[in-house]
Amino acid sequence: MSAFASGMAILLDPYMLWVILAGTVLGVTVGALPGLSGSTTAALLLPLTIGMGPVASIAFLGSIYCAANFGGSITAILINTPGDPSASATAYDGYPLAARGEAGRALGMSTVASAIGGIFSVIVLIVAAPLLARAAYNFGPPEYFALALFGLSMLGAVGSEVGVRNLMAGAFGVFLATIGLDLTTGVERFTFGFPELSEGLNLVPVLTGLFAISEMLTQATQLHMPRERLALDAVRLPSRDDFRKCAKSIGLSSVLGTFIGILPALGATTAALISYSETKRWSKHKHEFGKGAIEGVAGPEAANNAAVGGSMVPTLALGIPGSTTTAIILAGLIVQGVRPGPHLFNEQPVLLYAVFASMLAANLIYLALGLFAAKAFARITLIPDAILWPAVFVFAVVGAYGQDQSITDVWVMLIFGVIGFYLRRFGFSPAPLVMGLVLGKMVEETLKQSLLIFDQNWLLFFSRPIVVALFAVTLLSVFAPLIGRTIRHAFRREKGLDPLSE
Amino acid sequence: MSKKTLGLIALGAAALLVAAAQAQEKFPSKTIEVVTHAGVGGGTDITARMMMVQAPAAFGQELVVVNKTGGSGAAALGYAAGRPKDGHTILLITQTHLLTILQGRGAGVKAEDIVGLARATEDPQVLMVGKGSPYVTAKEFIEASKSKAMKYGTTQIGSVDHLAVVGFARKAGLQTPTVVPFRGGGDVVVNLVGGNIDAALLNYAEAESQIKAGEVRALLTLANERLPAIADTPTAKEIGIDAVYSTTRGFAVLKGTPEDRIKILEEGLVKAMSGKIYQDYLASSGQSLKSVVGRQEWQAQIDEFLRTGQEALASLGVK
């Protein structure tokens, strides 16, 4: 407990507060800028933190991470472009809300939902990190296979209204995931001799292209139209009604987001996409989704911020990063001479609690920023097109190049910009494509690893309880609508009603 | 043309001459790029950054890491090959680069193009099992492996640890092991603890926290001497198996770099890595304190690896 107290005491240190405030403001800003994500910024600033000492350095990077996930929603809502990849699901309903002149309502909900999700996950991190860390060991390739399969089963529900189109875009994503060196055979696939492609497509350039560049192209086609700039009315706290409507989805998404965040490889973006479809599935107002449902903003925002705390769990407890940004934070720790792992909880509890404290503080700071200063951050949408989009283009190029300093990544980004543009034009959504890309790789690799572990006997999948449970959930999620309809029909027939009357 | 102009021209020419002479004498004259195939935060990346802490003092110039991931070192080799051979671009190579070159995928760089400067780390492979494993000593494990094909977690097919697993099994007379590839050392450790694989050859640092927590047991060190951090773990030689495998990293330039500059680079790197910060890093990450050696010894090691690597790859069936 004394470790807890002395960890929290860093918040009394003006220097630390300054570092956290700077990280949070910077995080919201880059989060709001399309193409410049929290992970890119953390990577770009990593060298700067080396001189700060371990606690300040992690507090700084952690604040950027927390705040960027929130900042992304500002742009998602106001200009229909996720400022951070994790906000892609927020745009589905946030933008239609803003288009109706309810930008303030949407941003208020996004701010509060983000903070609730974020704070919930930090509390989970504080209370249960050592316990939750154990669960990671129960997840081997077979469990990841079942999990990824579960994720793919939701492809139809993510993105545009037409399920078949989502499945097509998802299948294209799965195909793209096969690019690169096959892990279990060492054979190169679809790389066409480019060594940069041998590790597969990098996510950052693909996302930047699909979202930022395709949006830029779409905007360019609408230059002849006097573009209606979405005005931002005063951001306000969600009304009691809105809050009641969203309470369930915020709660569900906070838990879901934290859990998905804890699993290595799945980060805030997946958490937001999955919880969007879950929110929709459990909502009483399904027909509103895609047209400006307030729950559609609350769910993914709570989830993507909950994933931040979640992904810090394996990073700090096992030394295994739960996402791109935590991989950079992990690198920051190692450069400082701190090696995360189970023993860190015994050896340096103060450092850990200081990290937790700074994350809590970052969540509270952006809550305040979101409610009182969102107008300032939203000003980037008031920048004239002639300045905004060229700037976005520059940032997109820098962001794509920055991660691996690879010009091939810039080409990948531009190509995906064109692909994304045509996808949208023909009514496809890029979201299932991204999910297919992320999960496709996982499904294939973990299946091959599992079969090696099982000596090629696939029946052994059913000897693992977690796998069986996940398979059951997957089946249920695929057939739930069918089962539901059958039961309803049977029920009505019993009552002597015409099953087709509704 | 006035006298004044002539005088100015003469002065300018003289200045140019002086500058040219200085350029010849003074090396390095600008920031040195250290090219690695690892992403930011990877083991090799961190090695480069640790070296760089005390390097500016040794060189009188700044250094910067250039991360060129992809193609198991091919992207890094290709990048270095495209830079002028003036000593301002140095590579931090591992055996991975050499294996890539041997497979003819080195972006045009040939085995004889690699000129070693100084070795940076020598990280022995350690045979490890999870806490749930029935084998407590190396002898028990070896005995059981003679009748059962064990499953080893490795990174990538045709990688250094894949070579080490197959080589170790052959030298110890074991059943040919089943290799389960993972994306990285961290995944291997998790699956070792989770009991999904029987064993793994890892560097000590990769599983340090799990070894300290008692979740992973280090059975055998594949080095000439025991590691101080796990002094109870015997070496393979002590139990009669002549197997020495390690992850080795070192600096190199490509052929064509002037000889005098190679010498300056070698001296500067050795000096920087003899500093306290780098030596502390070696100690805290469980690597050999005798890691840092100069050009001669490092080049001999590269040549030896290139010689044996070819047949090792052939025996794996990876070209």
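Chain order of the listed sequences is A and B. Quick note on my numbering: the first sequence kicks off at 833 and runs consecutively. Quick note on my numbering: the second sequence kicks off at 159 and runs consecutively. Just so you know, even glycine gets a beta-carbon here, dropped at the ideal spot from N, CA and C.
Boundaries for I435 of chain B: no beta strand (DSSP E) harbours it, while the alpha helix (DSSP H) harbouring it runs 434-442, taken from the DSSP string. Between the segment 368-383 of chain B and the segment 229-242 of chain B, the count of C-beta pairs closer than 8 Å stays below three; the two stretches do not touch. Excluding residues up to 5 positions away in sequence, Y362, A363, E366, L385, A387 lie with their Cβ nearer than 7 Å to the Cβ of G444 of chain B in the same chain.
Taking the CA atoms as reference points, T1147 of chain A sits about 15 Å from S871 of chain A. Secondary structure note for G311 of chain B: it is in no alpha helix (DSSP H), and the uninterrupted beta strand (DSSP E) holding it is 309-313. Per DSSP, reduced to three states, the secondary structure at G426 of chain B is helical.
Neighbours of I259 of chain B across chain A, judged by C-beta separation under 7 Å, do not exist; the nearest C-beta is about 12 Å away. Annotation for R453 of chain B: G274, L275, A276, E424 place their beta carbon closer than 7 Å to its own, counting only its chain and skipping 5 residues before and after. Boundaries of the alpha helix (DSSP H) around A216 of chain B: 213-217. At least one CB atom of chain B sits nearer than 8 Å to the CB of G972 of chain A. For E1276 of chain A and A1149 of chain A, the gap between their C-alpha atoms comes out near 27 Å. I388 of chain B is outside the set of residues whose beta carbon lies under 8 Å from a beta carbon in chain A.
For D390 of chain B, there is no enclosing beta strand (DSSP E), as DSSP marks it with neither H nor E.
Interface flag for K306 of chain B against chain A is unset, since no Cβ pair is found closer than 8 Å. In the DSSP assignment, no residue is bridged to D418 of chain B. Taking the Cβ atoms as the reference, G903 of chain A lies roughly 14 Å from A945 of chain A, outside the contact range of under 8 Å.
Cβ-Cβ separation between I435 of chain B and I272 of chain B: approximately 27 Å, too far for a contact (criterion under 8 Å). Bounds of the alpha helix (DSSP H) holding T1101 of chain A are 1100-1114. For T252 of chain B, the enclosing beta strand (DSSP E) covers residues 247-252. The continuous stretches of beta strand (DSSP E) do not include Q1180 of chain A, and DSSP gives it neither H nor E. At a Cβ-Cβ threshold of 8 Å, V860 of chain A and L1105 of chain A do not count as neighbours. Taken atom to atom, the span from the alpha-carbon of E417 of chain B to that of A1193 of chain A is near 56 Å.
A straight line joining the alpha-carbon of L929 of chain A with that of I896 of chain A spans about 27 Å. Sorting B:T336, B:H246, B:G236 by C-alpha distance to the C-alpha of V267 of chain B places B:G236 at the top. With distances taken between CA atoms, E301 of chain B lies nearest to B:Q333 out of B:V318, B:F185, B:Q333, B:V287. Residues of the segment 1103-1133 of chain A with a C-beta atom less than 7 Å from some C-beta of chain B do not occur.
Between F1260 of chain A and the set A:V1182, A:T873, A:G995, A:L1284, the nearest pair of CA atoms involves A:G995. The beta carbon of P214 of chain B sits no closer than 8 Å to any beta carbon of chain A.
When 8 Å is used as the limit between beta carbons, V351 of chain B is near these residues of chain A: Y969, in chain order. With contact defined as three or more Cβ pairs closer than 8 Å, the segment 335-349 of chain B and the segment 308-322 of chain B are in contact.
One thing to note: G936 of chain A has its Cβ within 8 Å of the Cβ of V1067 of chain A. C-alpha of H1119 of chain A to C-alpha of K1112 of chain A: approximately 9 Å in a straight line. The segment 1239-1257 of chain A and the segment 1035-1048 of chain A touch, with no fewer than 3 CB-CB distances between them shorter than 8 Å. A Cβ-Cβ distance of about 4 Å is found for the pair T856 of chain A and A899 of chain A, placing them in contact under the 8 Å criterion. The beta carbon of R1296 of chain A sits closer than 6 Å to the beta carbons of P974 from its chain, once the five residues preceding and following it are set aside; these are given in chain order.
Bridge pairing for L378 of chain B: B:L285 [DSSP].
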